[in-house]
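Data first, discussion second: the structure below is written as structure tokens.
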Amino acid sequence: MAIDGIKIIDSDLVFDIRNQIMEAYDYNENLTEVLTNIEAWETEVLGDAIQHEIFITAYAQCLWELGLLNEKWQQKAGQIVEKGASSLWEKFGKNTQEKRQKTLEKFWEKISQPNPKPRKSKNYKKITDFIFTENEVVAVKLANNTFGFLILVNIDHENGQCYYGFAKINYVSEYIPTLDFLKNQYVTARKGLGFDSPVLIKHKDLMKLQPYFQAFGKLFINPDANVKRFGTYRGNVKNYEELTEDWTGDFNQKQYPLVEFLTKN
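With the working numbering, the residue at position 110 of the sequence shown is 613, and numbering never jumps.
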């Protein structure tokens, strides 16, 4: 777990917790189910004392922000503060434990009282009429009457936006090949981490780019391949120029045949 600092919301674990809670809250989804799943992390995935401390305080902070902090989790947070910051904080630098303790005390001063202004839901609406669906393979019109190729890895909703996450297939041709041919071409990726040639496009931008896209079938990514995500993130593509510039720029990085990430028929 990456820890960036001594703040209550300041680590990979915490950002995962917060994002899951706030996304469900803002999209008016089943928050109880999300909270139940997150609470299971306390016994299922946490390792050392510092992770436990971070989890309890961050979760309590999120509940407090929404006006949902109950007695159980308030008491758990209070016990953490009373016990004191873990000595493991010292491995992050001199006096870090002391600084973390001050953070905990300020945190407790805040959450020991009800939140006078709980955060309101942003009432986001999810896109349901998708332009493409996951695992769909599309040809993209490039310059000089050639085509580049993408596979749709995932569709995500975040902060009120719908994002299509494509991975680039490292092959350019004057013709659209068969899927059997294309699955043996290469993708830039790191096994166990994700694809490293992402093309991320918002729904509203993809609507404008749709005339340049041609879907021609599906290749199903193996859910056990752990690549339904991206190892590298870049800015969102907003127009055709951004989509096609330096199209082959990733082709010289670490590559694997796409078929290694697909389901076995």
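Even for Gly, the Cβ is constructed at its ideal location relative to N, Cα and C.
According to DSSP, which residues form a beta bridge with residue i?
i      : result
Ala670 : Ile654 and Pro701
Pro760 : Tyr689
His468 : With the chain represented from 504 up to 768, any question about residue 468 goes unanswered, as that position is not in the structure.
Ser624 : Ser624 is not bridged to any residue.
Val643 : Gly651 and Phe716
Val740 : Ile704
Ser514 : Ile506
Ser676 : Phe650
When the distance is taken between beta carbons, is residue j closer than 9 Å to residue i?
i      : j      : result
Arg521 : Ala563 : no
Val640 : Tyr715 : no
Val690 : Lys721 : no
Ala692 : Lys757 : yes
Lys694 : Tyr759 : yes
Ile614 : Ala588 : no
Asp529 : Asn626 : yes
Thr599 : Ile511 : no
Thr636 : Val675 : no
Under a CB-based cut-off of 9 Å, is residue i close to chain B?
i      : result
Leu685 : Structure shown: chain B not included; a single protein chain is present.
Would you identify the three-state DSSP class for residue i, choosing helix, strand or coil?
i      : result
Lys605 : helix
Ile506 : strand
Leu765 : strand
Thr546 : helix
Gln554 : helix
Ile774 : Residue 774 is absent from the structure shown; the chain starts at 504 and stops at 768.
Leu696 : coil
Tyr528 : helix
Phe635 : coil
Taking all protein chains shown into account, decide if residue i is buried (16 or more other Cβ within 10 angstroms of its Cβ) or exposed.
i      : result
Gly697 : buried
Asn673 : buried
Pro619 : exposed
Ser700 : buried
Gln554 : buried
Leu682 : exposed
Glu568 : buried
Gly651 : buried
Which ranges does the beta strand (DSSP E) cover as unbroken runs of at least 3 residues, wholly within the stretch 703-728, from first to last along the chain? Runs of the beta strand (DSSP E) inside the stretch 703-728: 716-721.
Please give the ranges of any alpha helix (DSSP H) in the stretch 557-600, keeping only runs that are unbroken, at least 4 residues long and fully inside the region. Counting only runs that start and end inside the stretch 557-600, the alpha helix (DSSP H) elements of at least 4 residues fall at 574-586.
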